[in-house]
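The block underneath contains the structure these notes are about, expressed in structure tokens.
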Amino acid sequence: MEVHLTMSAQTYPDFISRNTITEVLGLQWPDEVVVVSGHLDSWDVGQGAMDDGGGVTISWNAGVVLQQLGLRPRRTLRTIIWTGEEQGLYGGLAYYNNHVNESDKFQLILESDAGTFSPLGLAFSGNQEATCIIQEVLKLLQPLNATQVVSPMDGGPDIEEWQKAGVPTGSLYTESSRYYWFHHSDGDTLTVEDPDELDRCLAVWTSLAYVAANITHRIPHSPVADKYSIQGEALNPMRNGGPSHSFQFT
Numbered sequence: 008m009e010v011h012l013t014m015s016a017q018t019y020p021d022f023i024s025r026n027t028i029t030e031v032l033g034l035q036w037p038d039e040v041v042v043v044s045g046h047l048d049s050w051d052v053g054q055g056a057m058d059d060g061g062g063v064t065i066s067w068n069a070g071v072v073l074q075q076l077g078l079r080p081r082r083t084l085r086t087i088i089w090t091g092e093e094q095g096l097y098g099g100l101a102y103y104n105n106h107v108n109e110s111d112k113f114q115l116i117l118e119s120d121a122g123t124f125s126p127l128g129l130a131f132s133g134n135q136e137a138t139c140i141i142q143e144v145l146k147l148l149q150p151l152n153a154t155q156v157v158s159p160m161d162g163g164p165d166i167e168e169w170q171k172a173g174v175p176t177g178s179l180y181t182e183s184s185r186y187y188w189f190h191h192s193d194g195d196t197l198t199v200e201d202p203d204e205l206d207r208c209l210a211v212w213t214s215l216a217y218v219a220a221n222i223t224h225r226i227p228h229s230p231v232a233d234k235y236s237i238q239g240e241a242l243n244p245m246r247n248g249g250p251s252h253s254f255q256f257t
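In the numbering used here, the protein residues as written are 8 to 257.
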């Protein structure tokens, strides 16, 4: 059997591109930060609606919703729209290299880059205490049926370096069985975005970010040597009966 394949892809010279960053400044601890993010660039076919227009939309609008509601959390909510993800995570790596010395100031770093289908919860990487806190926060999302916490984080390529550095990280967990029907194809257009599902993803993203930025409790970091996601053994918060920690948020 012989197959004749004609490729039309081209590689153009590199040029300067930048991350886009907006903030809702924290009221009490403005130097501490919760990040929501997605990447702006897309593949050279289709429109990049699922990869990653949806993630950009809910991350950008998380701050917009808080402004419209007149809500300001104790910590700063920072939206980052990454550049150059498809070319090699350029924007994410540049941001990490510029801010890694401030890692203790990051309460939680989130990215949505696995589709904005019906939300189920959060894919999360963190230690047992951090996982327990996130589980408690997501209980608030019961009306949206988006309370699941799975480990490790999967779907946040631009923030993986923060994960390795021990900062609590998470990605939107959705009913994504159809993601690869459209991924990097001509089919990745706005027609695959369901407005109701996108609204519910925004509600989950905004609520989670706001509560994480507003609670008095710090979400603990993992030791850098704790390679919970690097050694191939994901943290299972329900092992041995589940977390023994309990918290009351204020």
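Each residue gets a CB set at the ideal place from its N, CA and C atoms; glycine is no exception.
None of the values given here were measured: they were computed from a predicted structure.
Q: In angstroms with no decimal places, state the Cα-to-Cα distance between residue 42 and residue 191.
A: Each residue's alpha carbon lies about 26 Å from the other.
Q) Around the C-beta of residue 235, are 16 or more other C-beta atoms found within 10 angstroms, so that it is buried, or is it exposed? A) Legend: pLDDT at residue 235 = 42, less than 50; position of this residue unreliable, value from coordinates given subsequently. The residue in question, residue 235, is buried, as its Cβ has 16 or more Cβ neighbours within 10 Å.
(Q) Does the contact criterion of 3 or more C-beta pairs under 8 Å hold for the stretch 208 to 219 versus the stretch 155 to 171? (A) No contact exists between the stretch 208 to 219 and the stretch 155 to 171.
Q.
Quick check: what's the CA-CA separation for residue 194 versus residue 186?
A. Each residue's Cα considered, the two are about 11 Å apart.
Q.
Between the stretch 69 to 89 and the stretch 124 to 143, can you find at least three pairs of beta-carbon atoms closer than 8 Å?
A. At 8 Å Cβ cutoff, the stretches do not touch.
Q.
According to DSSP, is residue 84 part of a helix, a strand, or is it coil?
A. Strand.
Q. Cα separation between residue 233 and residue 178?
A. Unreliable placement is indicated for residue 233, whose pLDDT of 45 sits below 50; the coordinate value is still reported in the next sentence. Cα to Cα, the separation comes out at about 20 Å.
**Q.** Counted within 10 angstroms of its Cβ, other Cβ atoms place residue 15 as buried (16 or more) or exposed
**A.** The residue is exposed, with fewer than 16 neighbouring Cβ atoms inside 10 Å.
Q: Would you mind stating whether residue 26 and residue 86 have Cβ atoms separated by less than 8 Å?
A: No, these two residues do not count as a Cβ contact at 8 Å.
(Q) Which of the three DSSP states is assigned to residue 199 in this structure? (A) Residue state, collapsed to three classes: helix.
Q. Does DSSP put residue 15 in a helix, in a strand, or in coil?
A. DSSP places residue 15 in coil when its eight states are reduced to three.
Q. When the Cα atoms are used, what is the spatial distance from residue 211 to residue 126?
A. Their Cα atoms are separated by approximately 7 Å.
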